[in-house]
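K.L.:
Below: one structure in C-alpha cells.
In the UniProt record's numbering, the protein residues as written are 1 to 388.
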C-alpha cells in the first residue's frame, strides 16, 4: 500500500495571502528570517490579514541561518508563554524548518532530539496548534513537505526530521513573496527545486502520483528557472509553483544521495543547502545511472534535451545541470566553492559515514557503500567523472 500526503489546503496565485483573513484561531506565532519580509511590507500584509480574522500575532525573527537544536530551544519559550493555536513559518527553509521543530517541542516538551530524528516516529501533533507555511524563496518546499532539517548543536551533524505529522495544515504560495528575491538565493533555491524533481523521480518509493509531479516540475524549471534568475517576474511565479510541485513529490517519494551528502557536508564547509545540491547532483546522476538510466533519460526527453539513446540523453541531463550552474554563477565542485583541500581531507571520511546514516540514502535508487559515498565526495571536490 502506498501513501500520498500533502497539506490539507494549498492556496496559490496572486493575492493568495488573502486567505489569512478567513482562517479560524485566536493567536499566531510568526517565525521569520531576516528583515526583507518586514522591509517589503509583506509581514504587515500578513499581520493585517490575520487581524481581520481576529487573530493576534507575535513575531520570532532573526532565523537567518540553517536552524540548530540550540536555536530552537532559545525561541521555544515564546511559544510556551504565548500559547498560539497557529504557528506560521514565513521565509525560506530555515525559518519554516525552525518553526516546525519548535512546533514539535511545543506540543511534546519531553521529546528528545534523538526521538525526533527517528524517521516517521513522531507522536501526533495539533493538540495545541496547527501549522502554516508561507515561502519567500522557491526551492525548499518546506511549506509542503513533511520534513524539518535541523543541525544537532552538540555534534554539528544535520538531520532531516521526517514524519507525515509535520505536513503543514496550510500552504500559501503567493508570488508577491518572491518578487524581490536576491539572485544568489534564487539560484541556490532553484537548484534545490531541480534536485528535488530529479531525485524524487528516481527514488525507490516513487509512485504514479509523485512521478507526474516530479517530471512536470522539471519541465517548468527547465523552461523558467534561468529567465527567473534574469529577472522575468512571470517566470519567477512559475518557478514558485514548480518548487511546490517538486516538494509534493519528494515529501512522498523521498530523495537520494544528493541530499544525504548535502545534509552532512553543508554545516562542515558552510555550503548553503541549495548550492551543495547543485554541486553534487551531476555526480550522483552518474553514480545512479546504472540502475535508473531509463528514468533519467525520460526526464531529459520530457524537458527537451538532445540525445538518440538513453545514454546520450542522460549525458545531456548532466551537462544541462552543470551549464545551469555556470549560468547562475553556482560552483560545480566543492573546490570551486572555496573548500580547502586540507579541510576536505580532514572531514571526508566522517562525512561519508554520516551520510550513510541519513534517511535519504536508504531511498537512493542504487545501494551505496561507505567507500562509494567517500568516492562521490571526492569526485565532487576534484571535479572527477564518476565511473565506479
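Here a beta-carbon is modelled for each residue, glycine too, at the ideal position from N, C-alpha and C.
Can you say whether residue 81 is buried or exposed, counting buried as having 16 or more other CB atoms within 10 angstroms of its CB?
P.N.:
Position 81 of the chain shown, counting from 1, holds the residue named residue 81. By the Cβ neighbour-count rule, residue 81 is exposed, with fewer than 16 other Cβ atoms within 10 Å of its own.
K.L.:
To which residues of the same chain is residue 222 closer than 6 Å at the C-beta, ignoring the five residues directly before and after it?
P.N.:
Stepping through the chain shown from its first residue, residue 222 is reached at position 222. The residues are 303.
K.L.:
Measure the alpha-carbon distance for residue 244 versus residue 329 and round it to whole angstroms.
P.N.:
For this step, residue 244 is matched to residue 244 along the chain shown. For this step, residue 329 is matched to residue 329 along the chain shown. Cα to Cα, residue 244 sits roughly 24 Å from residue 329.
K.L.:
Determine the direct distance from the alpha carbon of residue 111 to that of residue 231, and round the result to whole angstroms.
P.N.:
Position 231 of the chain shown, counted from the start, is the residue given in the question as residue 231. Position 111 of the chain shown, counted from the start, is the residue given in the question as residue 111. Straight-line Cα distance between these residues: approximately 45 Å.
K.L.:
Taking 8 Å as the cut-off, decide whether the C-beta atoms of residue 116 and residue 104 are in contact.
P.N.:
Here residue 116 corresponds to residue number 116 of the chain shown, with the count starting at 1. Here residue 104 corresponds to residue number 104 of the chain shown, with the count starting at 1. Taking 8 Å as the Cβ cut-off, residue 116 and residue 104 qualify as a contacting pair.
K.L.:
Can you tell me whether residue 254 is helix, strand or coil according to DSSP?
P.N.:
Reading the chain shown from its first residue, position 254 is the one you call residue 254. Of the three classes helix, strand and coil, the one that applies to residue 254 here is coil, per DSSP.
K.L.:
Quick one: Cα of residue 135 to Cα of residue 203, how far?
P.N.:
Residue numbering aside, residue 135 sits at position 135 when the chain shown is read from its first letter. Residue numbering aside, residue 203 sits at position 203 when the chain shown is read from its first letter. When rounded, the distance between both Cα atoms is 25 Å.
K.L.:
What does the alpha-carbon distance come out to for the pair residue 355 and residue 259?
P.N.:
Looking up residue 355 in the chain shown gives position 355. Looking up residue 259 in the chain shown gives position 259. Residue 355 and residue 259: Cα-Cα distance of roughly 9 Å.
K.L.:
What is the residue span of the beta strand (DSSP E) that residue 29 lies within?
P.N.:
Along the chain shown, read from residue 1 onward, the residue named residue 29 stands at position 29. Here the beta strand (DSSP E) through residue 29 covers 27–32.
K.L.:
Measure the CB-CB distance between residue 366 and residue 296 and report whether it falls below 8 Å.
P.N.:
Counting from 1 along the chain shown, the entry for residue 366 is found at position 366. Counting from 1 along the chain shown, the entry for residue 296 is found at position 296. Going by C-beta atoms, residue 366 is not nearer than 8 Å to residue 296.
K.L.:
Nearest CA to the CA of residue 130: which residue from 107, 139, 142?
P.N.:
By one-based count along the chain shown, residue 130 stands at place 130. Minimum Cα distance to residue 130 is reached at 107.
K.L.:
Do the CB positions of residue 10 and residue 150 come within less than 8 Å of each other?
P.N.:
For the purposes of this step, residue 10 is identified with residue 10 of the chain shown, where counting begins at 1. For the purposes of this step, residue 150 is identified with residue 150 of the chain shown, where counting begins at 1. For the pair residue 10 and residue 150, the CB atoms are not nearer than the 8 Å cut-off.
K.L.:
Check whether the region 191–202 touches the region 279–294, taking contact to mean three or more Cβ pairs, one atom from each stretch, closer than 8 Å.
P.N.:
By the criterion of at least three beta-carbon pairs nearer than 8 Å, the region 191–202 is in contact with the region 279–294.
K.L.:
Pull up the distance between the alpha-carbon of residue 94 and that of residue 121, whole angstroms please.
P.N.:
As a first step, residue 94 is located in the chain shown; it is residue number 94 there, counting from the start. As a first step, residue 121 is located in the chain shown; it is residue number 121 there, counting from the start. Residue 94 and residue 121: Cα-Cα distance of roughly 22 Å.
K.L.:
Please confirm whether residue 34 and residue 69 have their CB atoms less than 8 Å apart.
P.N.:
Walking along the chain shown from the start, residue 34 turns up at place 34. Walking along the chain shown from the start, residue 69 turns up at place 69. Contact: no.
K.L.:
Would you give the residue range spanned by the beta strand (DSSP E) that residue 388 belongs to?
P.N.:
For this step, residue 388 is matched to residue 388 along the chain shown. That residue, residue 388, is in no beta strand (DSSP E); it is neither H nor E in DSSP.
K.L.:
Taking C-alpha atoms, which residue in 164, 59, 132, 307 lies nearest to residue 253?
P.N.:
By one-based count along the chain shown, residue 253 stands at place 253. Among 164, 59, 132, 307, the Cα nearest to that of residue 253 is on 164.
K.L.:
Is there contact here, the region 23–31 with the region 264–272, by at least three beta-carbon pairs under 8 Å?
P.N.:
no
K.L.:
How far does the alpha helix (DSSP H) with residue 370 in it reach, from first residue to last?
P.N.:
Translated into positions along the chain shown, residue 370 becomes position 370. Segment 370–382, the alpha helix (DSSP H) holding residue 370.
K.L.:
Considering only residues of the same chain and omitting the five flanking positions on each side of residue 227, which have a CB-CB separation below 6 Å?
P.N.:
Against the chain shown, residue 227 aligns to sequence position 227. Same-chain partners within the cutoff: 235.
K.L.:
Whose C-alpha, out of 113, 311, 50, 125, is nearest the C-alpha of residue 154?
P.N.:
The residue you call residue 154 lines up with position 154 of the chain shown. Out of 113, 311, 50, 125, 113 has the C-alpha closest to the C-alpha of residue 154.
K.L.:
Within the continuous beta strand (DSSP E) that includes residue 147, where are the two ends?
P.N.:
Here residue 147 corresponds to residue number 147 of the chain shown, with the count starting at 1. Looking at the DSSP string, the run of the beta strand (DSSP E) that includes residue 147 is 147–151.
K.L.:
Measure the C-alpha to C-alpha separation of residue 138 and residue 92 and round it to an integer number of angstroms.
P.N.:
Numbered from its first residue, the chain shown carries residue 138 at position 138. Numbered from its first residue, the chain shown carries residue 92 at position 92. Residue 138 and residue 92: Cα-Cα distance of roughly 8 Å.
K.L.:
Let me confirm a value: residue 109 is counted as buried when at least 16 other C-beta atoms fall within 10 Å, else exposed. Which label applies?
P.N.:
Looking up residue 109 in the chain shown gives position 109. Its Cβ having fewer than 16 others within 10 Å, residue 109 is exposed.
K.L.:
For the beta strand (DSSP E) containing residue 89, name the first residue and the last one.
P.N.:
One-based indexing of the chain shown puts residue 89 at position 89. Here the beta strand (DSSP E) through residue 89 covers 86–91.
K.L.:
Give the range of the beta strand (DSSP E) segment to which residue 57 is assigned.
P.N.:
Your numbering for residue 57 matches position 57 in the chain shown. Run containing residue 57: 56–60, per the beta strand (DSSP E) assignment.
K.L.:
Tell me the start and end of each unbroken alpha helix (DSSP H) in the region 288–330 that is at least 4 residues and wholly inside, in chain order.
P.N.:
310–327
K.L.:
Which stretch, first to last residue, makes up the alpha helix (DSSP H) that contains residue 352?
P.N.:
The residue you call residue 352 lines up with position 352 of the chain shown. Run containing residue 352: 341–357, per the alpha helix (DSSP H) assignment.
K.L.:
Between 340, 321, 89, 310, which lies nearest to residue 293 when the distance is taken from Cα to Cα?
P.N.:
Locating residue 293 in the chain shown gives position 293, counting from the first residue. Checking every option, the nearest Cα to that of residue 293 belongs to 310.
K.L.:
Can you tell me which of the three DSSP states residue 265 falls into?
P.N.:
For this step, residue 265 is matched to residue 265 along the chain shown. Residue 265: helix per DSSP, three-state reduction.
K.L.:
Can you tell which of 156, 157, 240, 205 has its C-alpha closest to the C-alpha of residue 179?
P.N.:
As a working note, residue 179 is residue 179 in the chain shown. Of the listed residues, the one whose Cα sits closest to residue 179 is 240.
K.L.:
According to DSSP, is residue 279 helix, strand or coil?
P.N.:
Indexing the chain shown from 1 puts residue 279 at position 279. Looking at residue 279 - three-state DSSP - the assignment turns out to be helix.
K.L.:
Would residue 60 and residue 20 be called neighbours here (beta carbons separated by less than 8 Å)?
P.N.:
As a first step, residue 60 must be located in the chain shown, where it is residue number 60. As a first step, residue 20 must be located in the chain shown, where it is residue number 20. With contacts defined by Cβ atoms closer than 8 Å, residue 60 and residue 20 do not form a contacting pair.
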